[in-house]
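Everything on this sheet refers to the single structure shown next.
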Amino acid sequence: MRTLALVSSLSLLAAPAGARAEAPLSTDQAAVVKVVTEAYVDGIHNFRDPDAIRAGFHPDFEMLVLRDGALEKLPLAQWIERIEARNAAEGAPPRDRRPTEARFVLVDVTGDAAICKVELSRQGKKLFTDYLSLYRFAEGWKIAGKIFQRH
Numbered sequence: 004m005r006t007l008a009l010v011s012s013l014s015l016l017a018a019p020a021g022a023r024a025e026a027p028l029s030t031d032q033a034a035v036v037k038v039v040t041e042a043y044v045d046g047i048h049n050f051r052d053p054d055a056i057r058a059g060f061h062p063d064f065e066m067l068v069l070r071d072g073a074l075e076k077l078p079l080a081q082w083i084e085r086i087e088a089r090n091a092a093e094g095a096p097p098r099d100r101r102p103t104e105a106r107f108v109l110v111d112v113t114g115d116a117a118i119c120k121v122e123l124s125r126q127g128k129k130l131f132t133d134y135l136s137l138y139r140f141a142e143g144w145k146i147a148g149k150i151f152q153r154h
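Sequential numbering of the sequence shown, starting at 4, is according to our numbering.
Below, the structure written as structure tokens:
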């Protein structure tokens with residue numbers, strides 16, 4: 004098992020110029036960071052891109068939402084429907100900006116399983132702390148589940 008606490012922003016980790024982290028990323032950790040960056044941070048939060056979301060999320064993904072002491076499940080298909088409705092209502096998804104910044108706090112990979120703790124912020128204000136679960140499939144790493152804390 005390899006655990007790595009990261010202190011740089013996700014955009015720095017994903018940048019080709021390299022990352023500033025406490026320790027170098029393993030190949031698996033880098034692959035996990037890439038999937039989370041493209042499918043979750045950019046796919047959902049920055050660009051609302053259903054194709055990018057589908058590429059990085061497993062079709063059976065579910066987000067668990069704690070609301071008034073009860074758990075609610077949000078399947079991927081329903082989340083994408085909401086995103087597509089928002090895109091339609093606003094005319095088009097954003098394409099040239101990245102208002103949501105992400106910082107990996109933890110990337111832990113054991114065999115074909117991984118967990119990421121990611122903090123999302125916008126304009127310096129922390130929005131969410133997300134806990135994403137991933138599995139490695141034949142086609143690569145896929146986000147399989149999510150719980151979170153809204154700030």
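Ideal placement from N, C-alpha and C gives every residue a C-beta, glycine not left out.
Restricting attention to R51, V68 and F64, the CA atom closest to the CA of A91 is found in R51.
Residue range T30 to V38 is occupied by the alpha helix (DSSP H) that includes V38, with no beta strand (DSSP E) assigned at that position.
Listed in chain order, the non-local C-beta contacts of G114 below 7 Å within the same chain number zero, local neighbours out to five positions each way being set aside. In the DSSP assignment, P78 is bridged to E65. Here the segment 40 to 55 makes no contact with the segment 65 to 80; the two share fewer than three CB pairs at distances below 8 Å. A147: member of the beta strand (DSSP E) spanning G143 to R153, first to last residue.
In terms of CA proximity to E142, A34 leads the group S29, A26 and A34. A straight line joining the alpha-carbon of V112 with that of V38 spans about 14 Å. In this structure, the straight-line span from the alpha carbon of P53 to that of E87 is close to 7 Å.
Listed as beta-bridge partners of E93 by DSSP are no residues whatsoever. The Cβ-Cβ distance between M66 and K145 does not fall below 8 Å. Distance between Y134 and F151, taken at the CA atoms: about 6 Å.
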